[in-house]
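Each remark here refers to the structure printed beneath this line.
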Amino acid sequence: MIINRNILTLDEFTIQQMRQFPNATGELSSLLRDIGLAAKRVNVEVNKAGLVDILGDAGSVNVQGEDVKKLDIYANNQFMGVLKHGISCAGIGSEEMDDFVVFDDEVSNNSKYVVLFDPLDGSGNIDVNVSIGTIFSIYKRVSTLGTPCTKEDFLQPGIKQVAAGYVIYGSSTMMVYATRRGVNGFTLDPSIGEFSLSHPNIKCPPDGKFYSVNHGNFFQYKEGVREYINGCQKKTKETGGPYTQRYIGSMVADVHRNLIKGGIFMYPGTLDKPKGKLRLLYEANPFAFILEVAGGKATNGEQRILEIQPTKLHERTALFIGSKNMMDELETFLNPSA
Ligand code: P6P
Numbered sequence: 013m014i015i016n017r018n019i020l021t022l023d024e025f026t027i028q029q030m031r032q033f034p035n036a037t038g039e040l041s042s043l044l045r046d047i048g049l050a051a052k053r054v055n056v057e058v059n060k061a062g063l064v065d066i067l068g069d070a071g072s073v074n075v076q077g078e079d080v081k082k083l084d085i086y087a088n089n090q091f092m093g094v095l096k097h098g099i100s101c102a103g104i105g106s107e108e109m110d111d112f113v114v115f116d117d118e119v120s121n122n123s124k125y126v127v128l129f130d131p132l133d134g135s136g137n138i139d140v141n142v143s144i145g146t147i148f149s150i151y152k153r154v155s156t157l158g159t160p161c162t163k164e165d166f167l168q169p170g171i172k173q174v175a176a177g178y179v180i181y182g183s184s185t186m187m188v189y190a191t192r193r194g195v196n197g198f199t200l201d202p203s204i205g206e207f208s209l210s211h212p213n214i215k216c217p218p219d220g221k222f223y224s225v226n227h228g229n230f231f232q233y234k235e236g237v238r239e240y241i242n243g244c245q246k247k248t249k250e251t252g253g254p255y256t257q258r259y260i261g262s263m264v265a266d267v268h269r270n271l272i273k274g275g276i277f278m279y280p281g282t283l284d285k286p287k288g289k290l291r292l293l294y295e296a297n298p299f300a301f302i303l304e305v306a307g308g309k310a311t312n313g314e315q316r317i318l319e320i321q322p323t324k325l326h327e328r329t330a331l332f333i334g335s336k337n338m339m340d341e342l343e344t345f346l347n348p349s350a
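For the sequence shown, position 332 (counting from the first letter as 1) is numbered 344 according to our numbering, and the numbering increases by one without interruption.
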């Protein structure tokens, strides 16, 4: 039997990364492995969602006013559980929970990090078997070690993220995460039950041909956004096109495709929701961090996402994110005088 020692597992990779920093405490590596463990448990349930009574609404409504699917609750509990019982996380913020959760035990209070996550993004697609995902964002605490974490630990601008990533439960299950050293993708190998390094050092192509936006809201968008979208439809071979419109209503899947192949994802503000629908802390910020490390860009149409100072856990933001050159072209439509 040929043992392929070239493919590192997530655990081996995080430990290898840690070895390069002699002073590292190993808490971040441990945190990423904990997240990988929770992702594997959620993956099992997602993969059989059509077979067990875990489909459909849980009968409750979350703080966003959205019907909570049973799988949402399961995923939330899995990620919160591994983080609470690990050694690296002092508390969490989740889309599924009204407020921040301070773990407030001796080990957690001495942990260096806090984590924000959307446990199951795109959950409206669960019942129709479209790819869904988990999104996470990791910050180093600003509060005093040895004491319970505070709201200020979570309300840091995205530029302060130590790491960010996502899990996509799709045709295969992948975990992609970024630190300032790079973006790396791991595909779950069912034969060994481990995430294995399949996409080392991911870079977002500076150009792409995919544009992702909900055309149903077209006439609610600002003029500059509408003009840019019209421009996407007029692209020819000579002007870098033709473009393809791809939007499956699951941000993790849409942004993952555009990260790998090149493209732009837009969730603009609308007349009735000027700040759009997506959340800053656990959707826009983690993806903005990942795309910037991979060479892409992310703004709210006026400002770099990572520089926005958050004020509350569930605040929303418009989001434009993707390939650098496509984002630069969008900018000429949004701020023509610039
Ligand atoms: P719309 C899923 O609910 C989500 O938060 C993202 O994953 C997705 O990109 C977006 O909302 C889709 O929203 O309004 O276009 O259906």
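Every residue gets a Cβ at the ideal spot worked out from N, C-alpha and C, and that includes glycine.
- Within its own chain, the residues whose Cβ lies closer than 8 Å to the Cβ of E39, once the five positions on either side in sequence are excluded, are I99, S100, S123, K124 and Y125, listed in chain order.
- Residue state for T156 is assigned as coil, using DSSP reduced to three classes.
- Taken through DSSP and simplified to helix, strand or coil, T162 comes out as coil.
- Counting the other CB atoms within 10 Å of its CB gives H227 a total below 16, which places it among the exposed residues.
- The straight-line gap separating the alpha-carbon atoms of V54 and L132 is approximately 9 Å.
- When the Cα atoms are used, L157 and A102 turn out to be separated by approximately 9 Å.
- Here DSSP, grouped into helix, strand and coil, assigns G243 to helix.
- The beta-carbon separation of S143 and A265, rounded to 4 Å, stays under the 8 Å limit for a contact.
- Comparing C-alpha distances from L49 to each of I19, V94, G145 and I85 shows the shortest one belongs to V94.
- P218 sits close to K336, with the two beta carbons spaced by under 7 Å.
- Assignment of T146 by DSSP, reduced to helix, strand and coil, places it in the strand class.
- Here F332 is bridged, per DSSP, to M278 and T311.
- In this structure, the C-beta of G261 approaches the ligand P6P to less than 6 Å from one of its heavy atoms.
- Going by DSSP, F299 is part of the alpha helix (DSSP H) stretching over N297 to V305.
- Taken through DSSP and simplified to helix, strand or coil, I104 comes out as strand.
- Take the alpha-carbon of G220 and the one of N137: they are about 26 Å apart.
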